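Peer 1:
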Amino acid sequence: MADMTISGEYFRGIVKDNPIFSLVLGLCPVLAVTTSVENAIGMAGAALFVLLGSNVIVSALRKQIPPITRIPMFIIIICTFVTMIDMLMEAYTPPLYKSLGIFIPLIVVNCIIIGRAEAYASKNTVKYSIVDALGIGTGFLLVLVLIGAIRELLGTGAIVPFGFKLISIPITPSTFMILPGGAFMTIGVLMAMVNYNRIRKARKGGQ
Amino acid sequence: MNPVAIIAGSALVIGSIGFLVGIILIWASEKFAVEVNPLVEEVNEALPGANCGACGYAGCADFAEKVVDQVAPIDGCPVGGFDVAKVIGGLLGQEVKEAESIYPFVRCNGGINCTDKIDYDGIEDCKAVMMLSDGEKGCSYGCIGRGTCVRACPFNALEMADDRLPHVIKNLCKSCGICVEACPNDILVMANDTEQVHVLCRSYDKGKVVKSVCEFGCIGCKICVKNCPADAITVTNFLAEIDQEKCTNCGQCIENCPQKSIMMRELVVEAVAV
Amino acid sequence: MEDSLFSIAINGIFVKNFLLVQFLGLCSFVGVSKETKSAAGMSAAVLFVMIMASVASFLIYTYLLLPFGLTFLTTISFIIVIAFLVQLVEFIIRKFSPPLYRSLGIFLPLITTNCAILGVVILNARLDYNFTQSLFYGISAGLGYSMVMLFMAAIREKASSLKVPEAIEGLPHAFFITTLLSMAFVSYFGVIPT
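Chains as they are written, first to last, in the numbering used here: chain A, 696 to 902; chain B, 642 to 915; chain C, 16 to 209.
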């Protein structure tokens, strides 16, 4: 543990321990909210809030929590932050709150957050837990925005987050991408690409 | 509502739900307590934990229970072998005799030596191939070579070699016998180290037919029968079969076989050890 | 809410299928749907817990949270209820059917973090369903989940003997199969006018 650096731990959360592609956790919100980049950013933000909060508290209390009750304790701590962000979003960002729907309270059973609390925050200092939360959160954000961008661009022909028209391409949009089928296909293709890359690296490494 | 009321209300509600849940769970953990014989746990710990089912029971935990109940034999786990049987015997306070270890043997020398009847392109499964007009090879009794046995082995102890025949990796084999069940043509047979001489053919086709498709197939000429000093070989339907109880591993049949269908096991293993 | 029981059932099983349309319960879906046996076991457990959770959470929401204006405690009290029910079910199965307990193995405690179950109970609360409607929605959601799980397991079992490029093997393959399945369910959109 002596060779942990802040930037090292941060980037690990994005690449090596990428929540979606490496750990394959928390798939439900990824497919459900990526109908647009705006929703993707909203979800990633909410998840980051909860992740930061829970990592900090779990890490701060890690010596106090008896091992046998740790999972229920983690869930209660995570629940607190989820309820907080739920109420905050209902009050301050109503359109986002409406489009994310039940996936905000469902952050509490998002395996990423419980997983990080169990695997990292309960075993490391508050400082590194914060960095880990930021790293994993960034990884989550990047994946969500990527899938959201693909689906929104091909599904509506333009990317319009929060009212700013980012880009638009002159294609006939295919609503299929907005539908569930498009979500599964996009993530299937992306995972296949990640796998291909991994296999190629392993082959090169083996030679 | 004022903040104090909200905080007090929440604490009360969550507190009472938690309390109720706790009480019910404590009651349930006692009412539904399961009597676990600690001996069963100890036996289970000694088992390999592969849950392969070779013992004939539903996984290691089930076998552990049955052994303690004295329904299953102590040496009933072929994967654990004698070592595990000894430990279990120790736990139950019983003596265990060492049994000979057995390994699967491939009774076919076809593979690339056998002609193909059709050009097969489909599911890589021997059972599937056999359903397609008796298989793709000229000999319908031989090894199909699509690797169903290799995939069936839970310990990766079989591998397909360049000669399109499976080969056994002895030190990984746990003698569970699942590969023997998996082969649709009954090519694999379990044999122990004292059973050295085997006929590498399962074909009941007439001699002429066998020769036209396979270099090493048994044609049923009966030369081996005549030469066997122990009378251990019989030819039924153009296929020679060795009775391993009578066989003395003298090797006379091997020298005299015109087709080179019979081989000494160790030689086979050595020759193909890559 | 004015939804009739019939429309709730059709919604839960087909139109707004939990797995393929609402994206709830996906982690268990890709993990467990490799074999029919484990898929069946998981589906049965999920259905059972969904029914009990719908009832229990309705009671807590209607009689404890709503009257005292404590609806912000919804998430935490529902998750306590679900975790409690799963633990109770685990005790009961372990006592009365050890083989079932052994075959379910790790899946039973995993139901606690299944988004589908928390999803049903939260939806029941948000849609203001009464007791019968909540119960029906729980049953329908469970049936819809089981149906898709069993379809997927059957397909994946057969598909496991196919030769696919290495990069596609495993999860990507499963997702492509799911794409086709979900496209079939899109044809149910509009059956119940929203």
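Don't be surprised by glycine CBs; every beta carbon is placed ideally from N, CA and C. Keep in mind that this is a model prediction, so the values were computed, not measured.
In three-state terms, what does DSSP make of Lys778 (chain B)?
Peer 2: strand
Peer 1: Let me see if you follow: with CB-CB separation under 9 Å, is Asn129 (chain C) close to chain A or not?
Peer 2: yes
Peer 1: To which residues of the same chain is Lys707 (chain B) closer than 6 Å at the C-beta, ignoring the five residues directly before and after it?
Peer 2: Tyr698, Ala713
Peer 1: Name, going along the chain, the residues of the segment 778–800 of chain A whose beta-carbon falls closer than 8 Å to a beta-carbon of chain D.
Peer 2: Absent from the structure: chain D. Protein chains present are A, B and C.
Peer 1: Compute the distance between the beta-carbons of Ile108 (chain C) and Leu125 (chain C), then report whether it is under 9 Å.
Peer 2: no
Peer 1: Is there a C-beta anywhere in chain C that falls below 9 Å from the one on Met886 (chain A)?
Peer 2: yes
Peer 1: Examine chain C for any beta-carbon lying closer than 9 Å to the beta-carbon of Pro851 (chain A), and answer yes or no.
Peer 2: Looking at the sequence shown, residue 851 (chain A) is not Pro but Thr. No, its Cβ sits nowhere closer than 9 Å to a Cβ of chain C.
Peer 1: Hey, does Gly84 (chain C) have any beta-carbon neighbour from chain B nearer than 9 Å?
Peer 2: For Gly84 (chain C), the nearest CB of chain B lies under 9 Å from its own CB, placing it at the interface with that chain.
Peer 1: Of the residues that make up the segment 92–120 of chain C, which ones have a beta carbon closer than 7 Å to any beta carbon in chain B?
Peer 2: Ser92, Ile95, Phe99, Gln102, Leu103, Phe106, Ile107, Arg109, Lys110, Pro114, Arg117
Peer 1: Would you please verify whether the beta carbon of Gly830 (chain A) is less than 9 Å from any beta carbon of chain C?
Peer 2: no
Peer 1: Using only alpha-carbon positions, find the residue among B:Asp827, B:Val876, B:Phe857, B:Asn868 that is nearest to Asn750 (chain B).
Peer 2: B:Phe857
Peer 1: Could you tell me the alpha carbon to alpha carbon distance between Lys822 (chain A) and Lys178 (chain C), rounded to whole angstroms?
Peer 2: 48 Å
Peer 1: Would you call the segment 72–87 of chain C in contact with the segment 47–62 of chain C, where contact means no fewer than 3 C-beta pairs closer than 8 Å?
Peer 2: No, they do not touch.
Peer 1: Just grab the DSSP bridge partners of His839 (chain B) for me.
Peer 2: In the DSSP assignment, the residues bridged to His839 (chain B) are B:Met904.
Peer 1: What does DSSP give as the partner residue(s) for Phe833 (chain B) in the beta ladder?
Peer 2: Per the sequence shown, residue 833 (chain B) should be read as Asn rather than Phe. DSSP output for Asn833 (chain B) lists B:Ile743 as bridge partner(s).
Peer 1: Using three-state DSSP, classify Ala603 (chain B) as helix, strand or coil.
Peer 2: Outside the modelled stretch of chain B, which goes from 642 to 915, sits residue 603 (chain B), for which no answer is possible.
Peer 1: Check the Cβ of Val201 (chain C) against every Cβ in chain A and list those closer than 9 Å, keeping chain order.
Peer 2: Those within 9 Å of Val201 (chain C) in chain A are Phe871, Leu874, Pro875, Gly876.
Peer 1: Does Thr820 (chain A) come within less than 9 Å of chain C when only Cβ atoms are used?
Peer 2: No, Thr820 (chain A) lies away from the interface with chain C (no Cβ there is under 9 Å from its Cβ).
Peer 1: Excluding sequence positions up to five away, which residues of its chain have a Cβ less than 7 Å from the Cβ of Gly690 (chain B)?
Peer 2: Cys701
Peer 1: Along chain C, in chain order, which residues have C-beta atoms closer than 8 Å to that of Pro767 (chain A)?
Peer 2: Within chain C, the residues whose beta carbon sits less than 8 Å from that of Pro767 (chain A) are Ala98, listed in sequence order.
Peer 1: For Val840 (chain A) and Arg898 (chain A), I'd like the C-alpha separation in whole angstroms.
Peer 2: If I take the Cα positions, the gap works out to 30 Å.
Peer 1: Taking the alpha-carbon positions, what's the Asn713 (chain A) to Phe879 (chain A) distance?
Peer 2: Between Asn713 (chain A) and Phe879 (chain A), the C-alpha separation is close to 19 Å.
Peer 1: Using a Cβ-Cβ cutoff of less than 6 Å, which residues in the same chain neighbour Glu765 (chain B) once the five nearest sequence positions on both sides are dropped?
Peer 2: Arg787
Peer 1: Chain B partners of Ser176 (chain C), CB-CB under 8 Å?
Peer 2: Ile764, Glu765, Asp766, Ala769
Peer 1: Going by the beta-carbon positions, is the gap between Ala812 (chain A) and Leu747 (chain A) smaller than 9 Å?
Peer 2: no
Peer 1: Please classify Gln759 (chain A) as buried or exposed, where buried requires at least 16 neighbouring CB atoms within 10 angstroms.
Peer 2: exposed
Peer 1: Compare the C-beta of Phe190 (chain C) against all C-beta atoms of chain A and say whether one is closer than 9 Å.
Peer 2: yes
Peer 1: Tell me the rounded alpha-carbon separation between Met57 (chain C) and Lys811 (chain B).
Peer 2: 38 Å
Peer 1: Tell me which same chain residues have a C-beta within less than 7 Å of the C-beta of Met784 (chain A), skipping the five on either side of it?
Peer 2: Ala741, Leu791, Tyr792, Ile799
Peer 1: Note down, in chain order, every chain B residue with its Cβ under 8 Å from the Cβ of Leu133 (chain C).
Peer 2: What Leu133 (chain C) touches in chain B: nothing, since even the nearest Cβ is about 16 Å away.
Peer 1: Would a check of beta-carbon distances place Tyr154 (chain C) closer than 9 Å to chain A?
Peer 2: With the sequence shown as reference, residue 154 (chain C) is identified as Ile, and Tyr is not the correct amino acid for it. Closer than 9 Å: no.
Peer 1: With burial defined as no fewer than 16 other Cβ atoms inside 10 Å of the residue's Cβ, what is the status of Glu736 (chain B): buried or exposed?
Peer 2: exposed
Peer 1: Report buried or exposed for Asp716 (chain B), applying the criterion of at least 16 other Cβ atoms within 10 angstroms of its Cβ.
Peer 2: With 16 or more other Cβ atoms within 10 Å, it is buried.
Peer 1: Mind checking which residues open and close the alpha helix (DSSP H) that includes Val725 (chain A)?
Peer 2: 722–728
Peer 1: Based on Cα-Cα distance, which residue from C:Leu85, C:Ile28, C:Val30 lies nearest to Ile655 (chain B)?
Peer 2: C:Leu85
Peer 1: For Lys860 (chain A), is the classification buried or exposed, using 16 other Cβ atoms within 10 angstroms of its Cβ as the cut-off for buried?
Peer 2: exposed
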